[in-house]
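Reviewing the structure listed below.
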Amino acid sequence: MQTNLFNTIFDQMGHVRGQTLELVEGVTEELADRIPEGFRNNIRWQLGHVYLVTEAFSLMQLKLPLQLPEGFMERYAYSTTPQDEAAKSFPVLTIPELVSMLKEQPDRIRETFPISRLNESASPLTTSTGLDLLTPEQSIRYSLYHEGLHFGTINAYKKILSR
1 MQTNLFNTIF DQMGHVRGQT LELVEGVTEE LADRIPEGFR NNIRWQLGHV
51 YLVTEAFSLM QLKLPLQLPE GFMERYAYST TPQDEAAKSF PVLTIPELVS
101 MLKEQPDRIR ETFPISRLNE SASPLTTSTG LDLLTPEQSI RYSLYHEGLH
151 FGTINAYKKI LSR
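Using the UniProt record's numbering, the first residue of the sequence shown is number 1, and each one after it goes up by one.
Here it is as structure tokens:
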């Protein structure tokens, strides 16, 4: 039974990520950097943020190593924007670089993650909305919801910016 859970949760991660990557096909560097009027982030930030949160929520509770380039936390953490001085001091990854990182992440997490630890009690992770995630499985499932939110934001940005 647990193998089915493992396959299901990571298959879902791969599917959700595939949808995100399909959405950003053809996004140019220029489009990725434009911030729609009334918003504070851009498509590039959305992609980096999705990568960061998936990495942290999937691996942090079990103290597994995160694969984050230098300055990634400062550039893409919750409440940051591309306009932050701290963010500006680190290199900007290109859209192909971000896409490459996003493509490899689900399989790497699947390979790294010990199936026996999905439902292990861990120190709670608290989301920005105040939800306590008590197991790695809960955290991974939440990261799928989180990516869906940002998928919607990227989709809206693309529509707004193409007018």
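Even for Gly, the Cβ is constructed at its ideal location relative to N, Cα and C.
In chain order, each alpha helix (DSSP H) run of at least 4 residues that lies wholly inside the region 129-163: DSSP assignment within the region 129-163 yields the following whole alpha helix (DSSP H) runs of 4 residues or more, N-terminal first: 136-161.
Counted within 10 angstroms of its Cβ, other Cβ atoms place Arg163 as buried (16 or more) or exposed: Numbered from its first residue, the sequence shown carries residue 163 at position 163. Burial check for Arg163: the Cβ neighbour count within 10 Å stays below 16, so the residue is exposed.
Reference Thr28, options Ser139, Ile43, Glu111, closest by Cα: Sequence index remark: in the sequence shown, residue 28 carries index 28 (1-based). The shortest Cα separation from Thr28 among Ser139, Ile43, Glu111 belongs to Ile43.
Host alpha helix (DSSP H) of Ile109 (start-end): To locate residue 109, count along the sequence shown from 1; it is residue 109. For Ile109, the enclosing alpha helix (DSSP H) covers residues 95-112.
Supposed contact pair Pro136 and Leu62 - C-beta distance, whole angstroms, cut 8 Å: Counting from one through the sequence shown, the residue named residue 62 turns up at place 62. Counting from one through the sequence shown, the residue named residue 136 turns up at place 136. Confirmed, about 6 Å.
Boundaries (first-last residue) of the alpha helix (DSSP H) holding Phe57: Counting from one through the sequence shown, the residue named residue 57 turns up at place 57. Note, Phe57: alpha helix (DSSP H), 43-59.
From Thr112, Ser128, Leu134, residue whose alpha carbon lies closest to that of Ser121: Taking the first residue of the sequence shown as position 1, residue 121 is located at position 121. With distances taken between Cα atoms, Ser121 lies closest to Leu134.
Close-in-space but distant-in-sequence residues of the same chain around Phe10 (CB under 6 Å, 5 per side omitted): Residue 10 sits at position 10 when you count from the first residue of the sequence shown. Arg110, listed in sequence order.
Cβ-based neighbour list, Ile35, same chain, cut-off 6 Å, excluding 5 preceding and 5 following: If you number the sequence shown from 1, residue 35 lands on position 35. Correct list, in chain order: Asn42.
Chain-order list of residues whose beta-carbon lies under 7 Å from that of Ile160 (same chain, five-residue window excluded): The sequence position of residue 160 within the sequence shown is 160, counting from 1. Only Pro36 meet the Cβ criterion.
Three-state secondary structure assigned by DSSP to Leu125: Stepping through the sequence shown from its first residue, residue 125 is reached at position 125. Here Leu125 sits in strand by DSSP.
Residue interval of the alpha helix (DSSP H) (run including Leu31): Here residue 31 refers to the residue found at position 31 of the sequence shown. Element bounds for Leu31: 29-33.
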